[in-house]
Each structure stands twice: as structure tokens, then as C-alpha cells.
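Throughout the sequence shown, residue numbering follows the numbering used here, covering 3 to 911 in sequence. Cβ coordinates follow ideal geometry from the N, Cα and C atoms, glycine included.
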Amino acid sequence: MSMDSSDDDMPLARTNGHASSTFKGRAAPPGLSIRNGPVDSDPMDTDDAPNGTSKRKARSSMGKSVNYKDESESDGGAPLAKRQKSKHKEESDSDDEPMAKRKKKLPPSAKETSLIDSSDDDQPLGAKLAQKKASVEKAAAKEAKAIRAESNAKKAAAKRALKEESEDEPLAKPKKRQSNGVSATPATKRNGVKKAESDSDEPIAKKAKKITPVGKAKAGAKTATAPVKKAAASTPKPKKQVKSEEPEDGEEGEEDEEHRWWEGPKKEDDSIKWTTLEHNGVIFAPAYEPLPKHVRLHYDGKPVDLHVNAEEVATFFGSMLNSALHVENPVFQKNFFTDFKDVLQKTGGAKDNKGNKVDIKDFSKLDFKAIYEYYKAKSDAKKNRPSSEKKAEKAEKDALEAPYIFCKWDGRKEKVGNFRVEPPGLFRGRGEHPKTGKVKKRVMPEQVTINIGKGAKVPDPPAGHKWKAVQHDNRATWLAMWQENINGNYKYVMLSANSAIKGQADHKKFEKARDLKKHIDRIRTDYSRELKSDVMADRQRATAMYLIDKFALRAGNEKDTENEAETVGCCSLKFEHITLREPNTVVFDFLGKDSIRFYNEVAVDRQVFRNLRMFKKPPKVDGDDIFDRLNTSQLNKHLSSYMAGLTAKVFRTYNASYTMSKLLQELPLDKATTVAEKIKLYNDCNREVAILCNHKRTVGAAHETQMEKLGDRIKGLRYQSWRTKMMMLDVDPKQKKKKGAEYFNLDQDIDEAWILEHHKFLVETERTKITKKFQKDNEKRVADGEAELPEKELKERLKVATQLEAKLKKEHKTRKVEAEGKGPTVEKFEAAVQKLEDRIRTLELQSADREGNKEVALGTSKINYIDPRLTVVFSNKFNVPIEKLFSKTLRDKFNWAIHSVGDDATWEF
């Protein structure tokens, strides 16, 4: 059965071409976010670090002188072929009604987000981004065809070579055969060229060096040679040799040689993760320390006595009264009170001073203030301890943790990631989690399963306890496991992010995304054609693939909505999650991963719009699935027919990395000169990818305060620049005529009130600095067995701040600044002004970067979706230290990317 389309009047069953995008009236181009900016700045839109800026104080300290260093369309009404009837009562379609009649405050607009090429010309930014997206998709299709053509050419050449060999082979010299009767593959072709072994995990542009793997390598293992994309000499030496900063406490013997697994041969069976494994288990949370007798929970204005177990649960809530987001949440309160009463019932309840039972049944009568104040005072005292005590405590903590930090994995020393068992407390969850506030119980050794090598010593459990089980599963990468009581999830102790096993998983993920380059054009062509399929299941699948590819929606899985937050993905979208607006706008509103609200208004292909309207037709109502003929498993099974192992989530990695690659390639080398400007360019590219992947975040409560402080810092540097220029005039008044009066004017945004406030800040900063120095000097003297300095010494030192106060007051009154420093000259002050201007420019770039990032989370895309080798290539190409782009943690995690790329600035995703 066919269906007429009012747009093209062509029977649906005969429409096999690409879905065309319409741009009528004010409709935005397909694939573009209308409200929150471009969802994909690149055509390749699909599927956790520093932003290149270092943390700075709001103000700098200073010395004797001021120092700033620091319509509606018919679809024919007929059902598609094989369309099943629904049992729901028919209702009118309400595409123009608000979703589920909910009134929600929209998230802040991302109009201020800084995007590449967002210049103020006559062309709208949206149109430019749509054009960019189309150009990237076109480039991807062209590249995919070229890759397949090259691959086919190589296969044809190989067949010809084999045919020539067989023709030239003497008949009297038969081929060697293996015991199973299969011809053995020669190590070398007759033309002398060694056949390359397949290694899909190796970079295409790199040839692996022959190495001896560290640890227990298998005898007779062959070194794989990766296919070479471009002619290259030997593997370049790494440009950045990052020193290892791993702790050495508890280490025995010499430091192991670095395990360069990315240069070694690929394992034939990668399901076996290890051969030998040794470790020391886990560290449990310390026992609860009861409250002092004078600190108690109050109920209805009176103190109550509790069993130690109930008291501990009360402290969970009382110690976090400062977290209003949680303790004032009705769901959090309700869940906590339910669990608290349950513990009370099991432990004998509460009693007053006379031993009489107190029936606690009203949460509003509970007073945790005394508990909160006790823990706050304890925390403040801990922070204010002498540095010697802090160092001693840290040394004790390090000594306790030393045996657990590393394990022996196939004879190599590998760092363990999370060897501490979570302490008991209150579950917070993410977003609007239905279980927030419930009590997380203490994990006991009897709940923990240990995974370890057969010949290794099993770690001893705490005295009086035993492990739940001990197993020797070499297909598992976890060292210990237990089940938590809130959601029944399993928690695992794994190796750290910089371990070989984690690095190999990352490498495999990005290589799989690179493989998708060969097939992306066929996949897009197929799903574009199937958008008009007569089979409902195929049409739904094609529509879902379009949304996943274009807008980076996650595939989505079914959840137990009673016990988990109601988060959804593409395949699990409900009727109420989508609102349609003519001619081609789709409004998404649902809770995505980690219960973060996904709200976006996007322009889609006209056929996709008609499909979604069809999927929402009566009798469907709120709560019904949009894609009722599709689930994630079916989608992934279909994708695997294009490429082994291809799933929906690979699209996010591919689109993010491919887009980033193209954006970086478009950056001209002469567009930025300073490191700060280059970092800003990198972050702009990263920001586009983050928007593509929908990595949004709510604006932090402290953002405005931080921006205000940064603005004050910039003003402070401008003020210091003005003071320096005035010192120049003090040395040579003729400079005013030579440079012009405008050069010496104070910035218009710096008014009298700000200057006076700034002067107070400078004086107070100086006093604080002197006082802290005095206290440190006394601590050192006490540690050395000397007498403390008298208070009069502090008063004498504070005179410097008093003198500064008088000096600034005089400057403000006379508008004249006396030259400072030894041998003041005009040249010295000119150099100082230039340095200040450079720092001002750097801070202004950082300010623009922070403002652009306030609604976008760059870290998620950088850590999880952008191939780290692209960042290394940017570092090489623009001569930006990798430390400015990757934190120490990320440099350790992506050590394989840094070393495998080396100094190469031409590597491509």
C-alpha cells in the first residue's frame, strides 16, 4: 500500500531517492539547532580537562610596590505496509500543544557561545553553520569512496600478483602444506615485499617498530606491521617526554620499563586480558566515630539519645546542611526520613534524657543544627592546622595506601584506579533521581568478591571477616567487586585510566570510529532512502538513524523507571518528548544521560518531520513510544551489517573526531601568534564538537562571581599599566608630547569608586600576605626548636602596608605616580607596559573562553569522543605545549596517543 505525500505527490512506495530538505519561510536548515545554537556544526553529527587556562587567584599579592603579576500536511491517511493497529482510543493529534502540558523554564540560551567564524557579517550564523555541516558531510562521502577505491585497487593488485606467482611457479615444486591440509601463507611475496599483517588497532599513517614487549611476551610472537598511508621514515621520536609522577611509596626494586603496547603485535585473542595478576585488595571506610555527649540530634526542641547506628545515619544528613540543593529537596527528605525511621525501629528508637522513648514521626521537628556545627568546626580546625601536622597526616595516609596503589598485571606494575570502598552516606544521584536521599549502607568484606591470579596470594580480609568469594577470571579486568544497596548496581575496582588495558580500550574505540569513515556514505544513502520505506519498521529505523547521526542522540535503553531516573535516548523517546512545529521544526524535551535535561529545537529534513508526525498519530498518547517498532538491539544489529562491531554510539565518536579533524585542518597557521590565542582557537573547535554532541551544562552558581573577579583582575592590570605610564612621565615629562596625551589616559571603565575600592583591596592583600609570612616563619622556628617571633615584629612588618596605603592615597589625590625601582628609565617602563598589555590580552582571551564555555562542557568531548591524537597533532602543528591542552591526568591517560604520534603534524583521523 502506498501513501501520497503532499510535498512531492509521488506515491510513497515508489519514492526511493534521498530525502530532500526544504527551507520554506523562516524554517532553519536541516540539522541545525534553532534555540541553542548548532547541534552539529559539522555534517558528521553523532555519537569524561583543562581548557588551556590555568587557575588564577582573583587578585595578585604585591610587594613594596603595586604588583599585578600574577500547517498541517496529509500523509494520505492510509497506514504503511504491515503497519499494526493500535488498541488505543483515537484522539486528535496535538503536535501544536506544549509537551505533556508541562510548563518548564527553558535553559539559558547559548547565543553567547563562541563559535568559529561567527563574524558579524550579513550572513546569519545559522546559515553558515548549515553550510559548514553540509560541506563536511560531502567531504566525508568523498573520502569514504576514495578509501574504498584504494582498498579495492590494492585487493585487485594482490590478486594479480598471486596469479602471476602461480603461473611462474614450477610444477615440480609443490606448495608447502600444513598438517590440516591448508596451504601455508608465505611470509614474503615473490616480488620480495613482505605481506603486512592486519592490525586494525594501529594508526593508518604509522608503521609499528619491531619491539620486545615488556613483561612476559609469548614465544614466537610476530611483530605486526601497520598499513602505511603515507610514505614515512622511521617512527619519529616523541616530542614531549612527560616525566612520570607516579608515587613511589611501597615500590620494590627498580621502576618497570614503559609498556609501549601500541607498538607491539595485536593479540590474536583479546578476550584473555591477563595471564598473571597480583594485588592487595581494597581499603574499607574507617569505622564511625560517635558524637561527643554534648552534641545530639534534637526533636521537637529536645535532645534525644540514639543507638550508634541510628546516630551515624543522622550525621549523614546533619553534616551536609550547607548543601541546600539536596537537604531542601522534598524527595531527598522523604527518602532519608523513611530510611532513618527504619534504622530507628531496628535499633530501639530514640530516647530523651530520662530514658523515655521518643516517637519520631515528623521530619519537620528534627533539628540537625548541633551536628552540622560540630562537623563544620571540626573541618575548619582541620584546615587551620599547622603544615607540619598536615604533612604528617599525609605521610601516614600514603603509607596506608602504598600497598594498594599498584598491582602486578602480567608481571608489569600497573596503577589501580579506585582501591577504596565507598563509605556509607546518603545517595544523591544525578538530576531528579527518585532514590535521592536514601541511605548507602556500609560495605562489608562479606559482600566483596576478589578477582586474582591462581598462583597469587589472596589478600587477607580485615580481622574477623572473610571475602564473599575469590575467583580467577582472566577475561575480566576488575580486581574486586561488590553490589551496592541503592540500585543493586555492581561496583568494580579497576585499573587506572593510564593503564595499558584502559589505553587499549580507548585506542580500539577510536580506531573503530576511524573504520566508520569507509562506510559512512553508504549508511547515510541507505537511511535517506529508507525514510520513505513502505515498511514501518524500516522507516522508523531510518528516522532513528537520522536523528542519531545528525543530532548525536544516544540510542537509549529501557529502564526500570520506578527505581531509576526516567532517562531516555532516541529509541526510547515517548510521545510527550517530541513537539512538532510546521514546516520542519522538532522540539526535543526529555531527560538524557545522567538525568540532564535535553532541550533543543532543531530543523530537520521534511521527510523526517512527516515521519515523526506519523509516529505520533492517534491513538498514541503520552507514555507511548515514538519508535514502537524499534529497539536498540535491532538498530545495532542492522548497523553491524555495514561494519563488524558498529553500534549507534560509534557515530558520536566518529562525528566528534571527524568534525574536530576538519575544523583543525581549516585553521591557518598564521591566524594566531601567542599560545593563548592558539589555545582559544583549539577551544573554539572543541566547543563546536561539544555542541554537536549535546554536551550542555547548566551555568554554575559561581560563574558570575568568577567572571566578575576575572574582570576586576583585568581592570587591575589596566590600572597598573596606567600607573607604569605615569612613572614614565615622572622620569621624562616630554614623553607626553612624544607619545600623545591619549597614550597616558586612564581607561573609561575605571571610575573613582573602583579605584578607591581597589586601593583598599591592595592594602588588605598586603597585610594578609605579611601576616601569613609571619605565621609560617614562626612555624619553622618552632620546628627548628627556636623561640617564636614576638608580636612587635609583626607590627613592624605591617608598617609596609601602612606606607602603601598612604602612597596610594597621595597618588589618587595628585594623579601623579613616582617612579619605582632601581635606575628607572623610560625603556624599562615601556617594556613593563608591553608585558602588562600581553597579560591583559591573555586574560581577555580567557574571559571570552570562559563565557563561551559556561553552557558547554568541553571536557566530555575532549576526554571521551575526540581522538586524542588530534590534540597531539594540533600541539605539533601550532607549537603549543601539550601540557596546555591536556592536564597531567589526561597526559597519563593518553600517553599512547602522545607517543604514537610523536612529532608528526600530518596524522589524520
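Secondary structure of Gly861 (DSSP, three-state): helix. Pro883 is classed as exposed because its beta carbon has fewer than 16 other beta carbons within 10 Å across all chains shown.
With a threshold of 16 other beta carbon atoms within 10 Å, Val903 meets it and is buried. In the structure shown, Pro332 adopts helical secondary structure according to DSSP, grouped into three states. His300 carries a strand assignment under DSSP once its states are collapsed to helix, strand and coil. One Cα belongs to Ile716, the other to Arg725, and the distance between them is close to 14 Å. Each residue's CA atom was taken as its position, placing Thr545 and Trp756 some 57 Å apart. The stretch 328-346 makes contact with the stretch 432-440, as at least three CB pairs between them are under 8 Å. The straight-line gap separating the alpha-carbon atoms of Trp469 and Thr891 is approximately 32 Å. When C-beta atoms of the stretch 306-320 are compared with those of the stretch 407-420, fewer than three pairs fall below 8 Å, so the two segments do not count as touching. For Val903, the three-state secondary structure derived from DSSP is helix.
For the set Ser389, Gly825, Arg799 and Phe512, the Cα lying nearest the Cα of Met729 is the one of Gly825. The beta-carbon distance between Arg841 and Leu719, rounded to whole angstroms, is 6 Å. This is short enough to meet the 8 Å contact definition. For Leu791, the CB contacts under 8 Å within the same chain, skipping 5 residues up- and downstream, are Phe776, Asp779, Asn780 and Arg783 in chain order. In the three-state DSSP reduction, Ile285 falls in the strand class (E or B). The beta carbon of Trp276 lies closer than 7 Å to those of Trp411, Asp412 and Asn476 in the same chain, with the five residues before and after it left out.
For Tyr601, the closest of Ile274, Lys727 and Glu578 by C-alpha to C-alpha distance is Glu578. Looking at the DSSP output, Leu582 shares a beta bridge with Val588.
Counting of Cβ neighbours within 10 angstroms places Gly320 among the buried residues, the total reaching 16 or more. With a contact defined as Cβ atoms closer than 8 Å, Asn897 and Asn500 qualify at about 6 Å. Closest by C-alpha distance to Glu768, out of Thr569, Ala401 and Gln805, is Gln805. Judged by DSSP in its simplified three-state form, Lys396 adopts helix. Closest in C-alpha terms to Asp462, from the list Thr479, Pro405, Asn489 and Leu428, comes Pro405. Judged by DSSP secondary structure, Cys409 falls within the beta strand (DSSP E) whose first and last residues are Phe408 to Trp411. Counting only the Cα atoms, Ser663 lies some 45 Å from Phe746. Distance between Asp596 and Val333, taken at the CA atoms: about 17 Å.
In this structure, Leu810 is the residue among Leu810, Ser366 and Arg298 with its C-alpha nearest to the C-alpha of His760. Burial state of Asp364 is exposed, judged by a 10 Å Cβ sphere holding fewer than 16 other Cβ atoms.
Between Ile772 and Val802, the C-beta gap is smaller than 9 Å, which places the two residues in contact.
Judged by beta-carbon spacing, Leu428 lies within the 9 Å limit of His328, meaning their Cβ atoms are closer than that value. Distance from the Cα of Arg612 is smallest, within the candidate group Val623, Leu593, Met483 and Thr587, for Thr587. Each of Gly283, Lys740 and Lys380 was checked against the Cα of Val297, and the nearest Cα belongs to Lys380. Ranking Val875, Asp591 and Leu887 by CA distance to the CA of Lys864 puts Leu887 first. As the crow flies, the alpha-carbon of His467 is around 16 Å from that of Met483. Spatial neighbours of Glu807 in its own chain (CB-CB distance under 7 Å, excluding positions within 5 residues in sequence) are listed in chain order as Val765. In the three-state scheme derived from DSSP, where H, G and I count as helix and E and B as strand, Ile454 is classed as coil.
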